[in-house]
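Data block below; observations after.
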Amino acid sequence: MGLFKYIVFFGVLIVGVPVGFVMSRKNPLVEKIVFFLMIFFTSRLHETINFVSRETYRGTSRGFEITLVDLATLIIFFLVLSRAGQYKIKLLPPGSLLYFIYFMFSLISIMNAGIALYSWFEIWKMVRMYFFFWALYNYIQEFEQLNLLAKYMSFVIIYIFFEVINQKYLKGIYQTNGPFPHQNSLVMYMIVFNSIMLAKLLEFDRDMKSVLYTLGIFGIGSLCIIFTLSRAGMACYALSIVIIFALSYLSGFKFKNVALTALMMILGIAVLAASLDSIIRRIETAPEQSKQSRIELGHGAIRMAQDKTFGVGLNNFGLKINDPYPYGDHIDRPTPDFKEGLVETTYLMIAAETGWINLGIFLVFIFTFYIKNLINYFRYRKSEYRFIALGLIGGLAGIYLESCLEWVLKQTNNFYQLMIVFAIIGAMTKMIKQQKKQQAAENVGIS
Numbered sequence: 001m002g003l004f005k006y007i008v009f010f011g012v013l014i015v016g017v018p019v020g021f022v023m024s025r026k027n028p029l030v031e032k033i034v035f036f037l038m039i040f041f042t043s044r045l046h047e048t049i050n051f052v053s054r055e056t057y058r059g060t061s062r063g064f065e066i067t068l069v070d071l072a073t074l075i076i077f078f079l080v081l082s083r084a085g086q087y088k089i090k091l092l093p094p095g096s097l098l099y100f101i102y103f104m105f106s107l108i109s110i111m112n113a114g115i116a117l118y119s120w121f122e123i124w125k126m127v128r129m130y131f132f133f134w135a136l137y138n139y140i141q142e143f144e145q146l147n148l149l150a151k152y153m154s155f156v157i158i159y160i161f162f163e164v165i166n167q168k169y170l171k172g173i174y175q176t177n178g179p180f181p182h183q184n185s186l187v188m189y190m191i192v193f194n195s196i197m198l199a200k201l202l203e204f205d206r207d208m209k210s211v212l213y214t215l216g217i218f219g220i221g222s223l224c225i226i227f228t229l230s231r232a233g234m235a236c237y238a239l240s241i242v243i244i245f246a247l248s249y250l251s252g253f254k255f256k257n258v259a260l261t262a263l264m265m266i267l268g269i270a271v272l273a274a275s276l277d278s279i280i281r282r283i284e285t286a287p288e289q290s291k292q293s294r295i296e297l298g299h300g301a302i303r304m305a306q307d308k309t310f311g312v313g314l315n316n317f318g319l320k321i322n323d324p325y326p327y328g329d330h331i332d333r334p335t336p337d338f339k340e341g342l343v344e345t346t347y348l349m350i351a352a353e354t355g356w357i358n359l360g361i362f363l364v365f366i367f368t369f370y371i372k373n374l375i376n377y378f379r380y381r382k383s384e385y386r387f388i389a390l391g392l393i394g395g396l397a398g399i400y401l402e403s404c405l406e407w408v409l410k411q412t413n414n415f416y417q418l419m420i421v422f423a424i425i426g427a428m429t430k431m432i433k434q435q436k437k438q439q440a441a442e443n444v445g446i447s
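Right under this line is the structure:
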């Protein structure tokens, strides 16, 4: 089975990608399918090929991965190059310089790595993520593609919902994780897409059919988050929802929004009442050891960051928190040979593995896009596509906060999604500037 998987992969790479590119150029429907697959498979990585696999290692990367997302991205990349005469290609999209600096400090950290191979796993992933971001940013050239993206997001939510329902009611899984490696990955992923669905519902949809469809998508997406029983995730999701509702009301009174708010409150209370026993049980039975372990791993991460200016080595936390390294000496282990895992915060992990300086660069990188999105929110005040910026104000706030409590932003699914968001923000900035230049030129011509 393993050999067959590699045969299929190389067949798709050598034959499927060129054929997909040629067919996409000739048929818009095929192009849309490839674009959809590029987004869809960020939620499902079961078909991933993993070269030099180290599956037993508890790290953020366990091999040189290549996914179906990467193969679809290759087709989109060739489409972008083929249209260089029609659309201007931006060699360095917004945020590239900061990402390169972050990447360089990550490379430097390898000199302190206990096992450099683990670091190269993560370096390879970082290269793939930038390639994905670059291709998507340069591919999005028309406002209509934003509509298409929102539609694809709704399809992804539907797929995840059926995976979650299958796990909860057919397999009897207590905390569902859907197609993701962990329930926290599912929550973070759903916060972003569902925030966009909520903003679309409040700001974009007009006819009853669209309102009911998006309301249904938002509802099943919310159920997915509730079924994970993630305490931190549900709190961060609630914050995202509050921000979106608040900004929507501040932008102007809409009777539709008042009616939707009342309806969602009624439905939300009903769902919470039905799930209350599970939520209370989850809170009451949460092991005290889990809280203590988070604290101890956090202290270990701080010790690493303080010991090495450039960190202990990218993707080496899972190695160096254990013997023979001293950073976990303070941890009370149940058995002498017990191996600790990863620190439960993205930010401390970056500091531990690549240094405090690189953590600062990463924070500037992600908050630069947050600020760009805020600017887009005001630039798009007269545009129907403002809902995307509104959704991302709430969605990014939720996952940035959750990243204080979870490390999953570095997982492949969530890393891909973050690059989707940053590509959208960059493309929206590009397109609104182009539109204003075109309008100014037309006004000059008329005068």
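If you're matching positions, the sequence shown starts at 1 in the numbering used here and goes up one per residue.
All C-beta atoms, glycine included, are put in the ideal place defined by N, C-alpha and C.
These numbers come from a predicted model, not from an experiment.
Taking the straight line between their C-alpha atoms, what separation do you get for residue i and residue j?
{"i": "residue 351", "j": "residue 45", "result": "27 angstroms"}
{"i": "residue 151", "j": "residue 326", "result": "50 angstroms"}
{"i": "residue 405", "j": "residue 344", "result": "6 angstroms"}
{"i": "residue 167", "j": "residue 159", "result": "13 angstroms"}
{"i": "residue 299", "j": "residue 342", "result": "12 angstroms"}
{"i": "residue 70", "j": "residue 125", "result": "11 angstroms"}
{"i": "residue 377", "j": "residue 385", "result": "9 angstroms"}
{"i": "residue 8", "j": "residue 14", "result": "10 angstroms"}
{"i": "residue 421", "j": "residue 397", "result": "13 angstroms"}
{"i": "residue 435", "j": "residue 423", "result": "18 angstroms"}
{"i": "residue 93", "j": "residue 35", "result": "19 angstroms"}
{"i": "residue 457", "j": "residue 132", "result": "Given that the chain is displayed from residue 1 to residue 447, the structure contains no residue 457 and the question cannot be resolved."}
{"i": "residue 6", "j": "residue 49", "result": "7 angstroms"}
{"i": "residue 388", "j": "residue 382", "result": "13 angstroms"}
{"i": "residue 319", "j": "residue 165", "result": "36 angstroms"}
{"i": "residue 391", "j": "residue 199", "result": "5 angstroms"}
{"i": "residue 248", "j": "residue 366", "result": "24 angstroms"}
{"i": "residue 321", "j": "residue 425", "result": "37 angstroms"}
{"i": "residue 459", "j": "residue 301", "result": "The structure shown has nothing for residue 459, since the chain only spans 1 to 447."}
{"i": "residue 250", "j": "residue 340", "result": "47 angstroms"}
{"i": "residue 368", "j": "residue 419", "result": "13 angstroms"}
{"i": "residue 22", "j": "residue 29", "result": "12 angstroms"}
{"i": "residue 220", "j": "residue 163", "result": "12 angstroms"}
{"i": "residue 416", "j": "residue 96", "result": "16 angstroms"}
{"i": "residue 292", "j": "residue 338", "result": "16 angstroms"}
{"i": "residue 16", "j": "residue 437", "result": "40 angstroms"}
{"i": "residue 304", "j": "residue 428", "result": "39 angstroms"}
{"i": "residue 216", "j": "residue 106", "result": "42 angstroms"}
{"i": "residue 407", "j": "residue 295", "result": "14 angstroms"}
{"i": "residue 86", "j": "residue 140", "result": "13 angstroms"}
For residue i, which residues does DSSP report across the bridge?
{"i": "residue 51", "result": "64"}
Leaving out five residues on either side along the sequence, give the residues of the same chain with a beta carbon under 8 angstroms from the beta carbon of residue i.
{"i": "residue 32", "result": "148"}
{"i": "residue 89", "result": "80, 81, 138"}
{"i": "residue 413", "result": "42, 43, 45, 180, 181, 185, 189"}
{"i": "residue 117", "result": "52, 54"}
{"i": "residue 191", "result": "225, 233, 236, 237, 240, 395, 398, 399, 402"}
{"i": "residue 196", "result": "150, 153, 387, 388, 391, 392, 395"}
Short of 7 angstroms in beta carbon distance, which residues of its chain neighbour residue i, apart from the five on each side in sequence? Order them along the chain.
{"i": "residue 135", "result": "73, 76, 77, 80"}
{"i": "residue 121", "result": "61, 62, 63, 64, 315"}
{"i": "residue 156", "result": "39, 40, 43, 193"}
{"i": "residue 143", "result": "385, 431"}
Buried or exposed: where does residue i fall if 16 or more other Cβ atoms within 10 Å of its Cβ makes it buried?
{"i": "residue 210", "result": "exposed"}
{"i": "residue 358", "result": "buried"}
{"i": "residue 335", "result": "exposed"}
{"i": "residue 237", "result": "buried"}
{"i": "residue 18", "result": "exposed"}
{"i": "residue 208", "result": "exposed"}
{"i": "residue 372", "result": "buried"}
{"i": "residue 171", "result": "exposed"}
{"i": "residue 128", "result": "buried"}
{"i": "residue 178", "result": "buried"}
{"i": "residue 56", "result": "exposed"}
{"i": "residue 448", "result": "In the structure as shown, the chain starts at 1 and stops at 447, and residue 448 therefore has no counterpart that could be examined."}
{"i": "residue 11", "result": "exposed"}
{"i": "residue 114", "result": "exposed"}
{"i": "residue 99", "result": "buried"}
To which residues of the same chain is residue i closer than 6 angstroms at the C-beta, ignoring the five residues directly before and after it?
{"i": "residue 108", "result": "310"}
{"i": "residue 101", "result": "361"}
{"i": "residue 355", "result": "309, 310, 311"}
{"i": "residue 374", "result": "none"}
Restricting to runs no shorter than 3 residues, where is the beta strand (DSSP E) found entirely within the segment 59-110? List check, beta strand (DSSP E) in window: 64-66.
Considering only residues of the segment 124-161, which uninterrupted beta strand (DSSP E) runs meet the minimum length of 3 residues and lie entirely inside it, listed in chain order? For the segment 124-161, there is no continuous beta strand (DSSP E) assignment of 3+ residues that stays within its boundaries.
Report the residue ranges of all alpha helix (DSSP H) runs contained in full by the segment 401-443; include only those spanning at least 4 residues, in chain order. Those alpha helix (DSSP H) runs which fall completely within the segment 401-443 and span 4+ residues do not exist here.
List in chain order: all unbroken alpha helix (DSSP H) runs of 4+ residues lying wholly within the segment 285-319. The qualifying runs are 288-307.
Of all the alpha helix (DSSP H) runs that stay within the bounds of the segment 163-204, which reach a length of 4 or more residues? Counting only unbroken stretches of 4 or more residues, the alpha helix (DSSP H) elements lying wholly within the segment 163-204 are 183-203, in sequence order.
Taking only runs that begin and end inside the segment 310-372, name each unbroken alpha helix (DSSP H) of 4 or more residues, in chain order. As far as the segment 310-372 is concerned, its whole alpha helix (DSSP H) runs of at least 4 residues are 317-320, 346-354.
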